[in-house]
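Heads up, the thing below is written out as structure tokens.
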């Protein structure tokens, strides 16, 4: 925000601690033909202004773009009041809403370029801290498509956002044990690439989903819905259980809530046992 305010002050509005008003202003701008981009903590941009988002943005299907920063557990020790672990669940249930969860800075930029040209509202889920870069500078994001980031034959790891680098680490660990993991990255939560999910499940016959989000209604829930209807497959969901977070270091939070690469590898081993 500071960079935008310095470089393009004519295109920057600081709305203060007033997310409800921010959403209303954005809806008015979109009605007049502009494409407003909103940025706030995920917990606020999803929850504090949910009524306004639903009525004045989603129902009229306006091109308001939302950046949900500080998503998930890793929010710089801010604690459970600022940790948003159910935003995907809420947003994917919102009619007309597109939901994206990029894995790194390269994919964030690629997602934003595509989102800017979409006719309706878009929610882009972002992390607080930099994540390992896994995509090349010329990466092109395609809406509604998942990406195979590692080929494998024994078990499929399906992940989104910041969990994808951890799944790649888990795949390395499993490879050292003679287990070949197929890794499918899902940056587009809604629309969802159902064909890729079914194909990946068919390829290995076993699925582990991983996300820095509740397993209730998130990626794990979405994958379970698809496979339940189209190809029942043994699966395990790695993610946050029915609980809030707390203040701690990133490493401690990942370990306590079961989100490390070791937890992903452990889930894969359990399916193969």
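Numbering (the numbering used here), first residue to last: 7 to 279. Just so you know, even glycine gets a beta-carbon here, dropped at the ideal spot from N, CA and C.
Where residue i and residue j are concerned, what is the direct C-alpha to C-alpha distance, given to the nearest angstrom?
i           : j           : result
residue 71  : residue 184 : 44 Å
residue 254 : residue 49  : 18 Å
residue 104 : residue 155 : 23 Å
residue 161 : residue 278 : 8 Å
Among the options, which residue has its Cα nearest to the Cα of residue i?
i           : options            : result
residue 67  : 101, 256, 146, 96  : 101
residue 142 : 150, 107, 112      : 112
residue 106 : 259, 117, 99       : 117
residue 55  : 35, 24, 125        : 24
residue 153 : 120, 194, 86, 43   : 194
residue 197 : 128, 247, 136, 215 : 128
residue 166 : 75, 226, 76, 42    : 226
residue 232 : 202, 88, 251, 27   : 202
residue 20  : 45, 52, 115        : 45
residue 268 : 181, 75, 89        : 181
Give every residue of the same chain whose Cβ lies closer than 6 Å to the Cβ of residue i, excluding the five residues on either side of it in the sequence, and list them in chain order.
i           : result
residue 11  : 18
residue 273 : 214, 242, 244
residue 120 : 147, 149
residue 81  : 88, 89, 134
Here's the rule: buried if 16 or more other CB atoms are within 10 angstroms of the residue's CB, otherwise exposed. What is residue i?
i           : result
residue 15  : exposed
residue 281 : Shown here, the chain extends from 7 to 279; a query on residue 281 therefore has no answer.
residue 146 : exposed
residue 217 : buried
residue 133 : buried
residue 212 : buried
residue 247 : exposed
residue 169 : buried
So what does DSSP say about residue i, is it helix, strand or coil?
i           : result
residue 275 : helix
residue 95  : helix
residue 45  : strand
residue 88  : coil
Give me, in chain order, the residues of the same chain whose beta-carbon lies closer than 7 Å to that of residue i; leave out the 5 immediate sequence neighbours on both sides.
i           : result
residue 276 : 242
residue 37  : 68
residue 73  : 43, 44, 45, 130, 132
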